[in-house]
Amino acid sequence: MKELDKTFDPSAFEMRWYKAQEEAGFFRPEAAPEGAEPFTVVIPPPNVTGRLHVGHALGRTLEDVLCRWRRMQGRAVLWVPGVDHAGIATQMVVERDLKERTGESRHDLGREAFVALCRGWADARRGDILNQIRRLGCSCDFTREYYTLDETRSRAVRWVFSTLYEQGLAYRAERMVNWCPSCATVLSDLEVNHVETSGHLWSIAYPLEGGGEVVVATTRPETILGDTAVAVHPDDERYRSIVGKRVALPLTGRTIPVIADAFVDPKFGTGVVKVTPAHDPNDFEAGKRNGLDLVTVIGFDGKMTKAAGEAYAGLGRAEARKKVLRDLDARGLRRGEKSHVLPLARCQRSDTVVEPLVSIQWFVKIGSLAGKAVAATDEGDTKFTPELWKKTYDEWMKNIRDWCVSRQLWWGHAIPAWYCADGHVNVPKPGAPDPAACGTCGKKDLVRDPDVFDTWFSSWLMPLSVFGWPEKTPDFLRFYPTSVLVTGFDILFFWVARMIMAGVWFDGRAPFADVVLHGLVRDEKGQKMSKTKGNVVDPLEMCDEFGADAVRFTLAVLSGTGRDLPFGKTRVAGYRSFATKVWNAARFALPLISEGECADVDALEFSSLSTVDRWILARLSDAAGRVSESLEAYRFDEAAHALYQFFWSEFCDGYVEMIKPVLRGAGVPEVEKARTRSVLKRVLLDSLALLHPFMPFVSCEIREALNGDGLKLALEKWPEPHAAWKDDAAVEAVETLRAVVTRIRNLRAENGLAQTEALAIGLELPDSPLSKELQRQVPLLRHLARLKSVEISSKVDVAGAFRDAVAGIGLVVDLPKKETSAEDRGKIARDVERLRAEAAKIESRLADEAFLARAPAAVVEKTKQQLEEISDRVRRLEGNLVETPGS
RNA sequence: GGGAGGUUAGCUCAGCGGUAGAGCGUCUGCUUUACACGCAGCAGGUCGCGGGUUCGAUCCCCGCACCUCCCACCA
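2263 is the number that my numbering gives the last residue of the first sequence; the numbers go up by one with no jumps.
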């Protein structure tokens, strides 16, 4: 048997065990017995250029806990790792790097060279993040690694687009879209964040043809230059007379009509709204309804166009606004301003203010996909944990809008659409090659669409594409649909909902049975982590400092039901202490276990074991049950707490202290020692097994020392609750004993006695199986509480002794100090008073006819018992206040 | 504008119809040969406020207050 170092140093063994497990092929489903039921998880792919952050660490930890646990239960576990090419993110990173290195832009380089640069960059970094996932201990099957931009995944993307096109669900249209001038691409609605911003509402006069003026209110004066009408509500009496007339558009020399349209809210501002169809989604619709022209005054570069006029062309949006306001002022057309809070649309990636612009893009008509997906989730094909997210999902699906899938980027999946000179659109049928000529007119010179797909257009296929779909590969047949998806609620719409739609639509089956949505990791003070705040916690640094086991355990504990997880050094340090505790417990047990033979506990007669041994086995069995139950319900926090509580409070503080006199006692017969040794070893081994999903490294290291087979722990049988180990009597006896010990210890503290001062005590309780059991435990009780004698009887007479009750039995302690000081009497009196009040409350409840009539009999019974216990305790405590004659 | 969630010990959070829990922190004792990343023990809570249902509410229902978050094309 190996020894364990005195100091616990996780860095000494963590990676060694990881490598050994991976090399042994344990992370492949093929390691499971033939015909084992699969358990499948697909990793939410981190960005290829990214570094593992705490959010990843949380999700991957929870997934690994599930995978390791299921693997030990004998399932054929397949956890597929991979990375995402991350269109915008990667392109931006590479562009920035290029700029810094050479001063060139991607346009200087040209598309082909730039894409090659991105590819090289991605290929070089792809291993980094996967190794970081390894560092955490994740038991992924790296032989099945995927990349969202590789051959197989590209085939799936193309197949899906072609299928949607064939079904009439992918279409190209001119629409008002969200345009990010700094990313120079269109964005989907989801990639735009609406931020409440304080701004202004300006009132501006438009001179009316034939005299007078109308005053409009706007938050965007620079768009005046693109106005093509002014609108009022048709029922608005104030303006009825001017509908149909024309107004002079300030600063432009153009005149525009006054139209009536119901989209105008007469109560807002002046009741007159300027209409800028090219730069506002509302106005765009109004323009279409009323046949208005589109005057584009802001270009794709975010600068004013020529159409805005000589004076403004080339200005940025902000400068243009200032100049327009100045110029209006100069012409005396400003009619006031007031502050106004408005939601400003910003690009999720660059934070630039998004410009609504009209352009031709590819869209997916998503309504029918959403409908089918909701029908499937309503059927329970995919269940949400926590359940409340289902509502959010339903709500979003109900109001879903078509998905803009094209992006004006270079890095990504090229859109398989070709156009001939006449503008005919050619999209190959699913599985068909690139077209050589236009399918409509036969023209040969086809031009491929220059755009690429939204990154999520490959991500949403992941549960399908990782297995090689649309081909019916053996993996696809065996492992799809997957078991569970674990991810943050922040990508519920981006990713989860879309994957469900894709799975249900293209395969007919929802892609996972369960979705577990965890919260967002924050810093220790609960603040959002951000680079600017400088409060970002690096999980890898935490692993180096405290060990991956500690990081994992911390994340599991924190992953309760709330949305935020306050994570940081002091917390990880706290759970590193737990790992250390496990280590030290093993260091204690190891030499004792190696002192002699250890039998398999299952081969021993349970009733032949000592009460303490039976107690710990009963508690172990209970803990195993609670851990499994909690994991079934994805309550990682509960499972981790159950382990922590069992191992520390019951095993270490309780059992270990109680068996010391057995294993180290001189007069204890070897048979007894051997039995306890066997139980000690078993409890430790099973604890390590239960711990393994959470702490895969320290558990192996200790198992190696204890049993010589650390590696095998990953495939060890998961400890299930043991019906044969149920022993309520042993549990009651040991728990009573522990309660008595605690009371004696705090009596010592209260009386200022040294913990080493030996006392004589008595336990008063009627003759019963419990009293007999306690009688047998007297030596143990004496050891734990440092007693010189223990008398157990239905009545114990010791003159001047202190009397109390604990756990329902009488406690008599012969304190050295015979006279009760005034201070002590005060304290006792206060206790008595408090207990009396409690008893009175219970009495009144028991006197209540309604309570007796309506409350369940068990509750009434329990209440009576409580009263009995409290009254008994009061009687005993009061006895201490009676003057002892002659003292 | 719509929707969801929160309000429990100094801090971070569990619990959820029958006398309030954990971890950390504070405090008081301990070099008890596994562990000071420890041991033992104490203290600390009108479970946001007001009503209601119930024999009984921290837990269910209705209001209110304050805080989060998500969704949303009103100038």
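For glycine and all other residues, C-beta sits at the position ideal for the given N, C-alpha and C.
- Where phenylalanine 1739 is concerned, the enclosing beta strand (DSSP E) starts and stops at 1731-1740.
- Leu1454 is the residue among Leu1454, Asp1611 and Gln1737 whose C-alpha sits nearest the C-alpha of aspartate 1517.
- Residue Thr1937 holds the alpha-carbon nearest to the alpha-carbon of glycine 1864 among Gly1815, Thr1937, Leu1720 and Ala1926.
- Bounds of any beta strand (DSSP E) do not take in lysine 1475; it lies within the alpha helix (DSSP H) bounded by 1463-1478.
- Contact annotation: arginine 1711 and valine 1562 have beta-carbon atoms that are not nearer than 7 Å.
- It is roughly 12 Å from the alpha-carbon of aspartate 1978 to the alpha-carbon of serine 1984.
- In this structure, Cys1494 is the residue among His1461, Ile2120, Arg1487 and Cys1494 with its C-alpha nearest to the C-alpha of aspartate 1473.
- In this model, lysine 1901 and alanine 1961 are separated by some 33 Å (Cα to Cα).
- Just measuring C-alpha positions, the residue of Gly2186, Trp1393, Pro2072 and Glu1488 sitting nearest leucine 1442 is Pro2072.
- Restricting attention to Gly1647, Ala1873 and Glu1572, the CA atom closest to the CA of methionine 1773 is found in Ala1873.
- Each of Ala1607, Ala1793, Cys1780 and Ile1580 was checked against the Cα of tryptophan 1832, and the nearest Cα belongs to Cys1780.
- According to the DSSP secondary-structure assignment, serine 1574 is paired through a beta bridge with Val1717.
- Its Cα nearest to that of lysine 1643, the residue Asp1612 stands out among Leu1668, Val1671, Arg1665 and Asp1612.
- A direct Cα-to-Cα measurement between glutamine 2151 and isoleucine 2035 gives close to 17 Å.
- Here DSSP, grouped into helix, strand and coil, assigns serine 2144 to coil.
- Following the DSSP letters along the chain, one finds leucine 2066 in no beta strand (DSSP E) but inside the alpha helix (DSSP H) bounded by residues 2046-2067.
- Around the CB of glutamine 2153, 16 or more other CB atoms lie within 10 Å, so the residue is classed as buried.
- The beta-carbon distance between valine 1913 and glycine 1944, rounded to whole angstroms, is 6 Å. This is short enough to meet the 8 Å contact definition.
- Across the structure, threonine 1631 and valine 1671 are spaced so that their CA atoms are roughly 13 Å apart.
- Assignment of threonine 1594 by DSSP, reduced to helix, strand and coil, places it in the strand class.
- With a cutoff of 7 Å on beta-carbon distance, arginine 1697 and proline 1414 are scored as not near each other.
- In the DSSP secondary-structure assignment, leucine 1893 is bridged to Thr1863.
- Every alpha helix (DSSP H) stretch that sits fully inside the region 1886-1935 and reaches 4 residues is listed by chain position as 1915-1922 and 1924-1934.
- Secondary structure at phenylalanine 1943: coil, using DSSP grouped into helix, strand and coil.
- Alanine 1687 is positioned such that its CB atom lies no closer than 7 Å to that of valine 1673.
- In this structure, valine 2166 lies away from arginine 2179, with their beta-carbon atoms at least 7 Å apart.
- Here arginine 2162 is not near alanine 2136, since their CB atoms are 7 Å or more apart.
- C-alpha of proline 1762 to C-alpha of leucine 1625: approximately 55 Å in a straight line.
- Pairwise C-beta distances place the region 1532-1543 in contact with the region 1819-1837, as three or more of them are shorter than 8 Å.
- Listed in chain order, the non-local C-beta contacts of glycine 1431 below 8 Å within the same chain comprise Gly1864, Leu1896 and Val1897, local neighbours out to five positions each way being set aside.
- Apart from the 5 residues on each side of it in sequence, serine 2054 sits with its Cβ closer than 6 Å to the Cβ of Cys1974, Ala1975 and Val1977 in its chain, given in chain order.
- Non-local beta-carbon contacts of asparagine 2256 in its own chain, meaning distances under 7 Å to residues more than five positions away in sequence, involve Phe2178, Arg2179, Thr2196 and Ile2204 in chain order.
- For glutamate 2133, there is no enclosing alpha helix (DSSP H), as DSSP marks it with neither H nor E.
- Measuring C-alpha to C-alpha distances from proline 2069 to each of Ala1924, Phe2227, Ser1906 and Asp1565 identifies Ala1924 as the nearest.
- Going by DSSP, threonine 1849 is part of no beta strand (DSSP E) at all; its letter is neither H nor E.
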